[in-house]
Amino acid sequence: MRIVIKIGTSNITYKTGNLNIRHVENMCRVFSDIKNSGHELIIVSSGAIGMGVGKLSLKKRPDDIAGKQAAASVGQCELMYTYDKLFGEYNHTVGQILLTADDVKDEKRVNNFKNTIERLLEFGAIPIINENDTIAVDEITIGDNDTLSAIVASHIDADLLILMSDIDGLYTKNPKKYADAKKIDLIEEITDEVMALADGKGTELSTGGMATKLKAAKIVTEAGCDMVIINGEKIYELYDLLEGKNIGTRFTGKK
Ligand code: GLU
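Residue numbers (our numbering): 44 to 298.
Shown next as structure tokens:
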């Protein structure tokens with residue numbers, strides 16, 4: 044299978060912006076193993092701004108654009124250094140691709156990044172994609188990596204998009220607020236009722252929440268690709284998911 048995996052800032056850093064070593068090491072180990080078993084992997088990773096905050100020892104995520112861009116500039120290096128080091132331990136090679144909203148709208152540029160991804164996969168490398176936060180300003184951003192990963196997955200004929208969250212999937216209510224919230228296993232159609240289930244944003248350092256994940260589900264399922272929301276903290280469940288077990292919340296792509 045061709046699998047796009049989106050990693051959120053909260054999957055790889057603590058609230059301080061410092062690296063969550065245990066999570067990142069476990070993730071890279073499991074992803075390497077999945078790649079070894081024959082799947083093609085494309086990663087969309089957030090964390091540039093968050094890791095920049097950590098690396099620069101800032102007290103919080105900057106509010107101004109230039110501050111965010113400077114943090115992203117530092118953090119993107121740190122992010123790729125981390126992936127290069129950890130995937131390298133399992134003999135995998137990574138390649139960085141940074142995209143802007145203009146790149147995903149323009150047919151010629153879409154073709155260029157598709158060709159690069161295809162060639163990286165042919166070379167056996169793992170493409171690691173993020174938005175180019177250092178030059179994207181508010182009016183021209185894609186804005187969140189749930190959407191970016193959905194756009195990428197739909198352009199490269201992916202079979203599955205996996206969005207890693209900090210909860211087990213989509214719930215009937217916000218599980219952090221309501222004890223009787225129930226996880227939804229399968230969504231075959233994204234109705235207005237489903238869209239209304241999104242409640243709140245992600246963590247302080249990240250951008251996405253359930254709303255952006257549902258928007259992503261609309262984009263990929265239209266393109267015929269399945270999407271699953273899983274809990275990044277239970278990374279070993281990825282094996283179960285790929286064995287067809289009922290993990291997270293699955294959105295079925297239109298066939
Ligand atoms: N591109 C942003 C970063 O790397 C993250 C966007 C998001 O959290 O979705 O910090």
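Heads up, the beta-carbon is just placed ideally off N, CA and C, and yes, glycines get one too.
Counting along the chain, where does the beta strand (DSSP E) carrying residue i start and finish?
i: methionine 270; result: 269 to 274
i: phenylalanine 294; result: 292 to 294
i: methionine 207; result: 203 to 208
i: glutamate 174; result: 169 to 174
When the Cα atoms are used, what is the spatial distance from residue i to residue j?
i: histidine 135; j: aspartate 223; result: 43 angstroms
i: leucine 285; j: methionine 44; result: 10 angstroms
i: asparagine 173; j: alanine 179; result: 11 angstroms
i: threonine 56; j: lysine 128; result: 16 angstroms
i: asparagine 274; j: isoleucine 290; result: 9 angstroms
i: glutamate 232; j: leucine 101; result: 43 angstroms
i: valine 47; j: glycine 267; result: 14 angstroms
i: alanine 168; j: tyrosine 221; result: 43 angstroms
i: leucine 240; j: glycine 252; result: 11 angstroms
i: threonine 295; j: alanine 201; result: 13 angstroms
i: asparagine 158; j: leucine 164; result: 10 angstroms
So what does DSSP say about residue i, is it helix, strand or coil?
i: glutamate 236; result: helix
i: threonine 264; result: helix
i: tyrosine 36; result: Because the chain in this structure spans residues 44 to 298, residue 36 falls outside the shown range and cannot be described.
i: methionine 123; result: helix
i: arginine 45; result: strand
i: lysine 78; result: helix
i: glycine 138; result: strand
i: leucine 229; result: strand
i: leucine 191; result: helix
i: glutamate 247; result: The predicted model places glutamate 247 with a pLDDT of 48, which falls under 50 and marks its position as unreliable; any figure quoted below should be read in that light. Looking at glutamate 247 - three-state DSSP - the assignment turns out to be coil, as it is neither helix nor strand.
i: glutamate 161; result: helix
i: leucine 62; result: strand
Bridge partners of residue i, per DSSP?
i: serine 89; result: None; serine 89 has no bridge partner.
i: leucine 84; result: Ile46
Nearest CA to the CA of residue i: which residue from the options?
i: isoleucine 50; options: Ser80, Gly296, Thr295 and Lys277; result: Lys277
i: leucine 206; options: Ile77, Ser88, Thr184 and Arg65; result: Ser88
i: alanine 260; options: Gly287, Ser116, Ile140 and Ser192; result: Ser192
i: histidine 301; options: Asp269, Lys58 and Val263; result: Here the chain has residues from 44 to 298 only, and residue 301 is not among them.
i: aspartate 228; options: Lys220, Gly287 and Ala196; result: Gly287
Which two residues bound the contiguous alpha helix (DSSP H) that contains residue i?
i: valine 147; result: 144 to 148
i: asparagine 54; result: 52 to 55
i: tyrosine 214; result: Counting along the chain, tyrosine 214 falls outside any alpha helix (DSSP H), and DSSP gives it neither H nor E.
i: leucine 284; result: 280 to 285
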